[in-house]
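In our numbering, each residue carries its 1-based index in the sequence shown increased by 444. We treat Cβ as the ideally placed atom computed from N, Cα and C, and that holds for glycine. Inspection log for the structure reproduced underneath, given as structure tokens.
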Amino acid sequence: MKSVVLTRITIETISPLSIYSGERTLLSNDALARDWNGLPYIPATSLTGVWKSVLDEKFSEELDFWFGSLSEKMEDDKRKASRMLVSDALMLNHVSELPGNAQKLRGVITAEDIRKDSLLSRFTLENDKDFERTNCSISSRKSAKNKALFKTLILPKGLRFAFDVKAELDEDKDFEKYEQLLGYIGSVGFSIGARTSNGHGQFKVIGIKTEQYRIGDYAEHPEELAGNIRRFMSSRKVPLDTKDSGSLLSDSGSFIIPEGWEFSLESKGTWRLGNGRKSAEELSEGRNRTIKYLESERKSEQTPQKCFSDGVVEWNPDNTFRQIKYELLVPGSTVKGIIAHRTLFHYLRINECFADEASPLDVGSMVSDLHNGKKANALLDDYCEIFGANDPENPDGVKSGAVRISDCRVDCSGAVTRTHNCLDRFTGGVMPSSLFSQEKIVNPRIYVSIRIRRDRWEKLKEKPIGEALNCTIYDLKNGFLNICAGAGRDTAVFSEYKEGNE
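In structure tokens, the structure reads:
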């Protein structure tokens, strides 16, 4: 019997979200995707595209049945309409409800209502500066490129969204398959937006509600069916009752953490990374404790440069908005950049491609082209399988990377302030008006987790690129590859933390 199935899904981001409109702003190279209220949202096209991509691995033959097919080369009678309609995912307000008035039009609210909402008011266009990240492209020699500074807007983890799925089924057995497809929403491979290889776009499902209406049961009262559908779609209430408080499917199995690729790094010294907006005393470290200055330290009278931190949206047990707290962390993009450069070094070393020896390859040109988005040589095909490729001159050469590295949380013992002078590199003397202070973290511990696509790793782990990756992980664990600013002068040398090292 034919039926209509309605599903509402509530999700919560567990990593930063980079979802853009394709436009630019004065503050950033990318403008956040915003709905009719000027609030961040996830477009239905993004949800549908990622969902279809995740299912392609196991359900490739059934995708046309569920998502439809439309191609210029197809004959008209072979084209199929989608059986599922997916709505935009709208941001929930401070009480975990969809914004708007259910009696009018769901989702439409006034600027005054947004201003009064303690959560929504933090994410209006004028507050974009609170979610800026400043980045700098690096060259093949691991130094900053000239004129390569750029800013991006990234939403913090902890935001909640809700979206609807409407499916039209021919038979009752299709309902079981539909539920199976829903199970892949929230799996590791289901990453939304940009920078997914840096761990962005991950979320968990925290609520799901499904209602099925058999059309035959409403043959005499079709208006009742229309009323039920209208009631479901216009409701502001969202489900918040998923028992496992995670994805519907624990893991699709497409991404794995190879042995030894999840570890902690520690250092017995001072450390800093990046430049943030919050001082150490305003931050929380990984164990949810407020960072304190050491008692033996006196804070500088100057305003010091702050360590990098990012916001996290917190909710109360009754699902009301609590606060946005800022945590000390290492961006996944930083760790990925470090690993990608060192892996390339080991990969060329293993293949005996040295710059100071005669070689059939022009190593310098090859590496330069690679960092400009070109697969310069067949030798680098395996490298691009791991870290991706984006050749503007060859759209067919675009390939997503297989590695996923999330932002790494940081624990510490406290914070100190250090004051420095800039020196003139030619005279060796102190430069005028160049005194500055920096906050540094004491005894940091960084938690690193690296995932990789199972199919690519099974194919490449026995090849030189697999050996190069494992050599890079070894370097990280043994202090040969640091994660810090000013690595040439800092005292922080990291090594793998193991229980009993205290």
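What three-state label does DSSP hand residue i in the structure shown?
| i | result |
| --- | --- |
| Lys758 | According to the sequence shown, residue 758 is Glu rather than Lys. Strand. |
| Ser939 | strand |
| Ser513 | strand |
| Glu771 | strand |
| Ile917 | helix |
| Leu788 | helix |
| Thr492 | helix |
| Arg731 | For Arg731, the pLDDT reaches just 49, beneath the cut-off of 50, and the residue's location in the model is therefore unreliable, although a value from the coordinates is still provided. Three-state DSSP puts Arg731 in coil, outside helix and strand. |
| Ile453 | strand |
| Glu467 | coil |
| Ser540 | coil |
| Arg478 | strand |
| Ser565 | helix |
| Phe503 | helix |
| Val498 | helix |
| Arg766 | strand |
| Ser753 | strand |
| Lys446 | coil |
| Lys560 | helix |
| Cys828 | helix |
| Arg793 | helix |
| Glu911 | helix |
| Cys928 | coil |
| Lys905 | coil |
Can you confirm whether residue i, when its beta carbon is compared against all beta carbons of chain C, has any partner nearer than 8 angstroms?
| i | result |
| --- | --- |
| Glu940 | In the structure shown, chain C cannot be found, because there is only a single protein chain. |
Kindly indicate which residue of the options has the alpha-carbon position closest to the one of residue i.
| i | options | result |
| --- | --- | --- |
| Ile782 | Asp855, Thr568, Gly651, Ile917 | Ile917 |
| Ser777 | Val756, Phe752, Tyr770 | Phe752 |
| Lys769 | Phe509, Gly512, Arg566 | Arg566 |
| Ile486 | Leu824, Arg900, Ala638, Val847 | Ala638 |
| Tyr628 | Phe699, Asn672, Phe575 | Phe699 |
| Lys617 | Ser447, Ser526, Phe765 | Ser447 |
| Leu867 | Ala859, Ser711, Leu879 | Leu879 |
| Ala611 | Thr596, Arg577, Thr787, Ile659 | Ile659 |
| Gly651 | Leu593, Ala606, Leu599 | Ala606 |
| Trp715 | Val498, Ile458, Asn926 | Asn926 |
| Asp855 | Lys589, Gly482, Lys884 | Lys884 |
| Ile849 | Ile701, Leu824, Phe798 | Ile701 |
| Glu623 | Met528, Asn763, Asp826 | Met528 |
| Ala475 | Thr596, Val494, Thr492 | Thr596 |
| Gly923 | Arg898, Ala912, Phe938 | Phe938 |
| Leu569 | Ile598, His864, Thr492 | Ile598 |
| Pro908 | Asp825, Ala833, Gly873 | Asp825 |
| Met445 | Gln656, Leu913, Thr492, Arg721 | Gln656 |
| Phe575 | Glu556, Lys621, Pro600 | Pro600 |
| Leu669 | Thr578, Leu450, Phe503, Asn719 | Leu450 |
| Pro876 | Asp572, Ser513, Ile455, Asn865 | Asn865 |
| Phe789 | Gly512, Asn719, Gly910 | Gly910 |
| Lys502 | Ala555, Lys573, Lys621, Glu467 | Lys621 |
| Tyr941 | Tyr891, Asn914, Arg898, Glu758 | Tyr891 |
I'd like to check one pair, residue j with residue i: are the Cβ atoms closer than 8 angstroms?
| i | j | result |
| --- | --- | --- |
| Val682 | Ser490 | no |
| Leu625 | Met535 | no |
| Ile453 | Pro484 | no |
| Ser531 | Asp608 | yes |
| Ser949 | Pro748 | The structure shown does not extend to residue 949, since the chain is modelled only from 445 through 946, so no value can be given for it. |
| Leu920 | Leu772 | no |
| Asp851 | Gly645 | no |
| Gly633 | Val649 | no |
| Ser641 | Lys496 | no |
| Ala846 | Arg900 | yes |
| Leu717 | Cys928 | yes |
| Arg675 | Leu542 | no |
| Leu904 | Glu829 | yes |
| Ser562 | Phe765 | yes |
| Ile458 | Phe647 | yes |
| Ile558 | Asn481 | yes |
| Asn763 | Leu684 | yes |
| Ser711 | Asn590 | no |
According to DSSP, what are the bridge partners of residue i?
| i | result |
| --- | --- |
| Ile948 | The structure shown does not extend to residue 948, since the chain is modelled only from 445 through 946, so no value can be given for it. |
| Met528 | Ala611 |
| Ser708 | Tyr891, Tyr941 |
| Thr714 | Val886 |
| Val1010 | This structure cannot settle anything about residue 1010, because the visible part of the chain is limited to 445 through 946. |
| Leu461 | Leu599 |
>> Just to confirm the assignment: which complete alpha helix (DSSP H) runs, minimum length 4, are found wholly within the segment 572–637?
In response: 617–626
> Could you give the uninterrupted runs of the alpha helix (DSSP H) lying entirely in the segment 830–903, keeping only those of 4 residues or more?
Replying inline: none
> Curious, which full-length beta strand (DSSP E) runs of at least 3 residues does the segment 639–705 contain?
Replying inline: 647–658
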